[in-house]
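Chemist: In full-length UniProt numbering, the protein residues as written are 1 to 216.
Below you will find the structure I want to go over with you.
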Amino acid sequence: MSELVFFCGTMDCGKSTLALQIEHNRSARGLVGMIFTRNDRAGEGKLSSRLGLVTDAVEVEDGADLYAHLVDHLSQGRRADYVIADEAQFLAPEQIDQLARVVDDLDLDVYAFGITTDFRSKLFPGSQRLVELADRVEVLQVEALCWCGARATHNARTVGGVMVVEGAQVVVGDVTGSADEIGYEVLCRRHHRRRMTAATARAAALSPDVLPVSPG
């Protein structure tokens, strides 16, 4: 029986790498997949991982009907044996419903990949809907680590290495945090609550306020 499976975790836990591995394994067996993505770091219409792997994908636009796209694709005599949806947190809730319909009405497996919460620790609407509808929710076991070495559980947005907690929910960036660029960093809950990134922790360690004072 076909399933809607949601693979989730923080940034840096290998979601896109697993998506590419699933695509490789199935295509090596002669199966043909339909790959959807949105706002990938490699640009429009790409599914990529930070390991440097990349493949072509269908860029999902606002208002796109994913179920109708599959029906049109199949009605033209083309194949689709399974569906991969990467960066699924950026999909609208109604698009997640469409993926569920692909499973139920077209009998295709759908593998969705995404992060659950944004930089404010709030659920993305797409991820929330996946948790509500998925046949299985799989938390990826490759643990991302906070700068302190603890297990990272939260995603932080940074500007120049400083954590910010205001702004639009979706702003594309990467794990940079240099200069005034928008970047992202994974943190443990303790340091997310304290808004302490790797950069601010280094700055605090070098501050004269915390350096030992020489006697005399």
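Glycine included, C-beta positions come from ideal geometry on N, C-alpha and C.
With DSSP run on the structure shown, which of helix, strand or coil describes N155?
Modeler: The answer is strand: DSSP assigns N155 an E or B state.
Chemist: With a floor of 3 residues, list each beta strand (DSSP E) that falls wholly inside the segment 73 to 125, ordered by position along the chain.
Modeler: List check, beta strand (DSSP E) in window: 82 to 85, 109 to 114.
Chemist: Let me check understanding here. Comparing Cα to Cα, which of A198, R120, I35 lies closest to A168?
Modeler: That would be R120, whose Cα lies nearest to the Cα of A168.
Chemist: Counting pairs of Cβ atoms below 8 Å between the segment 73 to 87 and the segment 96 to 107, do you hit three or more?
Modeler: With the cut-off at 8 Å, the segment 73 to 87 and the segment 96 to 107 touch.
Chemist: What are the complete beta strand (DSSP E) segments, minimum 3 residues, inside the segment 23 to 64?
Modeler: DSSP runs (the beta strand (DSSP E)) wholly in the segment 23 to 64: 33 to 37, 46 to 48, 54 to 56.
Chemist: Would you check if there are 3 or more beta carbon pairs closer than 8 Å linking the segment 151 to 166 to the segment 192 to 206?
Modeler: Segments in contact, yes.
Chemist: Pick from L133, A64, A134, T55: whose alpha carbon is nearest that of T17?
Modeler: Looking at the Cα atoms, T55 is the closest of the given residues.
Chemist: Taking all protein chains shown into account, decide if C148 is buried (16 or more other Cβ within 10 angstroms of its Cβ) or exposed.
Modeler: That one is exposed.
Chemist: With respect to the beta strand (DSSP E) encompassing R195, which residues constitute its N-terminal and C-terminal limits?
Modeler: R195 -> no beta strand (DSSP E), and no H or E assigned at all.
Chemist: In terms of residues, what are the limits of the beta strand (DSSP E) holding E185?
Modeler: Element bounds for E185: 182 to 187.
Chemist: Go to M163, then tell me how far its beta strand (DSSP E) extends in each direction, as first and last residue.
Modeler: Per DSSP, M163 belongs to the beta strand (DSSP E) from 162 to 164.
Chemist: Suppose the cutoff is 6 Å on Cβ atoms and the five residues either side in sequence are ignored; what does the same chain contact list for I35 look like?
Modeler: Same-chain partners within the cutoff: L47, A57, I84.
Chemist: According to the neighbour-count rule (16 or more other Cβ atoms, all chains shown, within 10 Å of its Cβ), is A28 buried or exposed?
Modeler: So A28 ends up on the exposed side.
Chemist: Which two residues bound the contiguous beta strand (DSSP E) that contains C8?
Modeler: Looking at the DSSP string, the run of the beta strand (DSSP E) that includes C8 is 4 to 8.
Chemist: To the nearest angstrom, how far is it from the Cα of S178 to the Cα of H192?
Modeler: Caution is warranted here: a pLDDT of 49 is assigned to S178, below 50, making its placement in the model unreliable, and the coordinate value is therefore given only provisionally. Straight-line Cα distance between these residues: approximately 19 Å.
Chemist: Taking just the CA atoms, how far does D135 sit from V170?
Modeler: Answer to the nearest angstrom: the Cα atoms are 26 Å apart.
Chemist: Where does L145 fall in DSSP's three states?
Modeler: L145 falls in the strand class under three-state DSSP.
Chemist: Rounded to whole angstroms, what's the CA-CA distance from R41 to Q95? Just pull it up for me.
Modeler: Rounded to whole angstroms, R41 to Q95 spans 21 Å at the Cα level.
Chemist: What is the rounded straight-line gap between the Cα of G30 and the Cα of L145?
Modeler: When rounded, the distance between both Cα atoms is 37 Å.
Chemist: Strictly by DSSP, which residues pair up with R129?
Modeler: None, per the DSSP bridge assignment.
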